[in-house]
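Q: Numbering-wise (the working numbering), the sequence shown opens with residue 27 and increments by one. After the structure tokens below, expect a handful of questions from me.
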Amino acid sequence: MQIPLLRRSAGGGDKVGDTETTLQLTRKNLALLNSLHGDTNNDYDNDNDSAYLFESDSDTMKKLSTTTSGFEQQPYENGILDPSASKPPPDLYTIQQQLARRRSSAQPSEKAHQRYHRDISRSFNESTGSYLIQSNIMKNTNSLHYGRMSGRAITQIPKQDFNKELSHPVPDILEGLYTETLPNHLQGHGLYRNTDSLAFSHFAAEFKRRDGNFHQAVYQAAYDGATLVNARNRSLAQATVPQHIVDKATQETAVFTCATDGQCAEVFAHHFQDGEYHQNLVARQSLLSYPNRGRELIRNTQDYARSKSYELAALLGAHLEEEDEE
Numbered sequence: 027m028q029i030p031l032l033r034r035s036a037g038g039g040d041k042v043g044d045t046e047t048t049l050q051l052t053r054k055n056l057a058l059l060n061s062l063h064g065d066t067n068n069d070y071d072n073d074n075d076s077a078y079l080f081e082s083d084s085d086t087m088k089k090l091s092t093t094t095s096g097f098e099q100q101p102y103e104n105g106i107l108d109p110s111a112s113k114p115p116p117d118l119y120t121i122q123q124q125l126a127r128r129r130s131s132a133q134p135s136e137k138a139h140q141r142y143h144r145d146i147s148r149s150f151n152e153s154t155g156s157y158l159i160q161s162n163i164m165k166n167t168n169s170l171h172y173g174r175m176s177g178r179a180i181t182q183i184p185k186q187d188f189n190k191e192l193s194h195p196v197p198d199i200l201e202g203l204y205t206e207t208l209p210n211h212l213q214g215h216g217l218y219r220n221t222d223s224l225a226f227s228h229f230a231a232e233f234k235r236r237d238g239n240f241h242q243a244v245y246q247a248a249y250d251g252a253t254l255v256n257a258r259n260r261s262l263a264q265a266t267v268p269q270h271i272v273d274k275a276t277q278e279t280a281v282f283t284c285a286t287d288g289q290c291a292e293v294f295a296h297h298f299q300d301g302e303y304h305q306n307l308v309a310r311q312s313l314l315s316y317p318n319r320g321r322e323l324i325r326n327t328q329d330y331a332r333s334k335s336y337e338l339a340a341l342l343g344a345h346l347e348e349e350d351e352e
């Protein structure tokens with residue numbers, strides 16, 4: 027993957043440099059890129075792989091909550107594009123085919139589906155709806171290495187242009203590898219400050235109640251996705267495998283988010299291109315129809331993102347046995 031150099035324009039502000047001046051995504055070059063972005067909390071020019079990559083800078087960061095009015099504009103100004111402005115990744119069609127496949131596992135009974143339909147229609151707060159989604163729609167993540175956390179702020183991210191003036195993202199649902207199961211030299215890749223954390227996350231979800239602001243969930247998902255793409259690329263910069271393997275990993279789309287109100291699910295793919303973070307709608311499915319194709323879509327997305335978590339861990343030297351939980 028090549029990263030365009032940034033240069034200071036005559037009128038002030040950072041601009042993307044000429045395309046002929048590019049950098050490969052290596053540890054030293056990422057350190058240079060971070061310095062150009064004003065990221066003074068940089069660990070990539072340090073040979074200590076256990077350094078905390080996502081140290082919080084919340085004391086100096088201006089915070090605009092993801093739930094406040096005007097939140098939608100700030101991410102765009104920071105280079106986080108919504109689906110209408112995003113460029114599709116080269117592998118978008120392949121991903122769509124993968125996530126649309128039929129699953130071999132059985133659908134829940136029609137009676138169980140009717141109960142879900144009734145309960146989600148009666149849920150009047152986001153916590154209840156999120157619980158119903160996790161217990162009826164989403165795939166179980168109760169495995170040794172891989173799990174899920176809900177409603178926690180992702181604090182271990184450096185201050186950069188993409189999160190400027192924004193509070194830390196707080197996905198309703200985040201899945202990833204438990205840091206406690208990783209080798210010591212990878213403990214610093216956790217997304218939360220304490221030891222009870224997740225790392226190498228590639229899937230997040232945002233929930234709004236059925237009469238809530240669904241568009242806000244999409245914008246929140248854009249911020250979640252940009253954060254996870256940024257974390258992935260920073261982790262890849264520390265990989266000691268040959269550079270062509272790192273390049274291949276950076277060019278593939280691996281981060282996904284889901285926005286849902288319990289009745290409909292929209293799945294988005296996220297990638298970094300030309301200095302901006304892009305969010306593309308992969309698929310939209312109903313969660314109320316039977317058979318429940320929306321359930322299949324979300325579970326396929328979880329599986330795909332989960333495989334990318336294990337692949338990333340392996341590139342950094344953690345070869346974990348992937349368990350299959352349905």
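Beta carbons are placed, not taken as given, at the ideal position from N, Cα and C, and that holds for glycine.
1) Is the separation between the beta-carbon of SER176 and that of SER156 shorter than 8 Å?
2) If you measure between the beta carbons of GLY216 and ALA225, is that distance less than 8 Å?
3) Any idea which residues DSSP pairs VAL281 with across the strands?
4) In angstroms, rounded to a whole number, what distance separates the CA positions of PHE150 and ILE271?
5) Give me the residue from ARG321, ARG235, TYR218 and HIS345 with the minimum Cα distance to SER131.
6) Write down the C-beta distance between CYS161 and LEU200 rounded to the nearest angstrom, noting that I regard them as a contact closer than 8 Å.
7) If you count every other CB in all the chains shown that lies within 10 Å of the CB of ALA280, and 16 or more means buried, which is it?
8) Can you list, in chain order, the residues of its chain whose CB lies under 6 Å from that of ASP73, leaving out five sequence neighbours each side?
9) CB ASP198 to CB PHE233, shorter than 8 Å?
10) Ignoring anything shorter than 3 residues or poking outside the segment 143–169, list the beta strand (DSSP E) runs there in chain order.
11) Using a 10 Å radius around the Cβ and a threshold of 16 neighbouring Cβ atoms, would you call LYS137 buried or exposed?
12) Would you list the residues sitting across from GLY202 in a DSSP beta bridge?
13) By how many angstroms is the C-alpha of SER223 removed from the C-alpha of HIS194?
14) If you reduce the DSSP assignment to three classes, tell me which class GLY301 lands in.
15) By the three-class DSSP mapping on this structure, what secondary structure does ARG260 have?
16) Rounded to whole angstroms, what's the CA-CA distance from LEU192 to SER135? Just pull it up for me.
17) Could you tell me the distance, in whole angstroms, from the CA atom of ARG235 to the CA atom of THR92?
18) Rounded to whole angstroms, how far is the Cβ of ALA344 from the Cβ of LEU158, which I believe are closer than 8 Å?
19) What residue range does the beta strand (DSSP E) around LEU224 cover?
20) Whole angstroms are fine: how far does the CA of ASN306 sit from the CA of PRO114?
21) Quick check: the Cα distance between THR283 and ASN256, rounded to an integer number of angstroms?
A: On the basis of the coordinates in this document:
1) yes
2) yes
3) HIS296
4) 47 Å
5) Measuring from the Cα of SER131, the nearest candidate turns out to be ARG321.
6) Inspection of the sequence shows that residue 161 is occupied by Ser rather than by Cys. About 17 Å; that fails the 8 Å criterion.
7) buried
8) Since pLDDT at ASP73 reaches only 36, below the 50 mark, its modelled position is unreliable, and the value read off the structure follows with that caveat. The answer is none, since no qualifying residue turns up.
9) yes
10) none
11) Around the beta-carbon of LYS137, fewer than 16 other beta-carbon atoms lie within 10 Å, marking it exposed.
12) GLY173
13) 15 Å
14) coil
15) helix
16) 43 Å
17) 16 Å
18) With 8 Å as the limit, ALA344 and LEU158 do not qualify as a contact, their Cβ atoms being about 34 Å apart.
19) Residues 224–233.
20) 6 Å
21) 14 Å
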